[in-house]
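Engineer:
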Amino acid sequence: MNRKTVPFSYQFEETMRQLGSDGLLLAATKPSGGSNLMTIGWGALGLVWGLPTFVVLVRPSRFTYEFIEAAGEFTVNVPTPAMSDMVLFCGSQSGRDVDKIARFGLRVSRGHTVQSVTLDACPLVYECRVVQKNDILPGSLDAGILARFYPGGDFHRAYYGEILGTFAADPE
Numbered sequence: 044m045n046r047k048t049v050p051f052s053y054q055f056e057e058t059m060r061q062l063g064s065d066g067l068l069l070a071a072t073k074p075s076g077g078s079n080l081m082t083i084g085w086g087a088l089g090l091v092w093g094l095p096t097f098v099v100l101v102r103p104s105r106f107t108y109e110f111i112e113a114a115g116e117f118t119v120n121v122p123t124p125a126m127s128d129m130v131l132f133c134g135s136q137s138g139r140d141v142d143k144i145a146r147f148g149l150r151v152s153r154g155h156t157v158q159s160v161t162l163d164a165c166p167l168v169y170e171c172r173v174v175q176k177n178d179i180l181p182g183s184l185d186a187g188i189l190a191r192f193y194p195g196g197d198f199h200r201a202y203y204g205e206i207l208g209t210f211a212a213d214p215e
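Per our numbering, the sequence shown runs over residues 44 to 215.
Structure follows, in structure tokens:
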């Protein structure tokens, strides 16, 4: 997939809008070669420690968790509106049960700066290297968030991904 390098802030508002509506697609590839996708609806894009950073939250129970742990990297792929059914599917099915990439016949490419795959159909991709990871601790979490999002536990791990490259298929 031919993409051009763009600033990490390129189409920031569109990325945030998509994150808060249908979601974005998080991909990770193990050093052994297997890849997995999951839909994310939470995240943060900005500067941390003076680095362009994408923070993503993944529960240890999710299949993608073991991929990020093994690889130490991930990509965040911004889908088109036409991909909404696939994004919904990827958020409701586990990669333990179905190969989502094969299921949808998705074309993937290795990242330019990471080994994890990027989705060719996505017009914007962030390639990230994990520089910090923190577990969400129930004792320090707002009570309302704790009750609403963690009634059964299964607390997320927050991955701070330094954005090594942001790539757009057709930058303006």
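Note that beta-carbon positions come from the ideal geometry of N, C-alpha and C, so glycine has one too.
Runs of 4 residues minimum, wholly inside the region 68-117: which ones carry the alpha helix (DSSP H) assignment?
Structural biologist: 106-114
Engineer: What are the partner residues of L162, as DSSP defines its beta bridges?
Structural biologist: L162 pairs with V151.
Engineer: I need the straight-line Cα distance from T118 to F51, nearest angstrom please.
Structural biologist: 13 Å
Engineer: Please report how far the alpha carbon of L100 lies from the alpha carbon of N45, in whole angstroms.
Structural biologist: 29 Å
Engineer: Hey, out of N177, T123, T48, Y202, whose CA is closest to T107's CA?
Structural biologist: Y202
Engineer: Do you know offhand how far G182's Cα is from S104's?
Structural biologist: 20 Å
Engineer: Where does D128 sit, in a helix, a strand or coil, going by DSSP?
Structural biologist: helix
Engineer: For Y53, I'd like the list of residues in its chain whose CB is within less than 8 Å of its CB, leaving aside the five on either flank, ordered along the chain.
Structural biologist: L167, T209, A211, P214
Engineer: Taking just the CA atoms, how far does R60 sit from L131?
Structural biologist: 16 Å
Engineer: Please report the distance separating the alpha-carbon of M129 from that of L207.
Structural biologist: 27 Å
Engineer: How do the region 67-81 and the region 181-198 stand: do at least 3 beta-carbon pairs fall below 8 Å, yes or no?
Structural biologist: no
Engineer: Got a sec? Which residues, its chain only, sit under 6 Å from R139 by beta carbon, not counting five neighbours each side?
Structural biologist: F106
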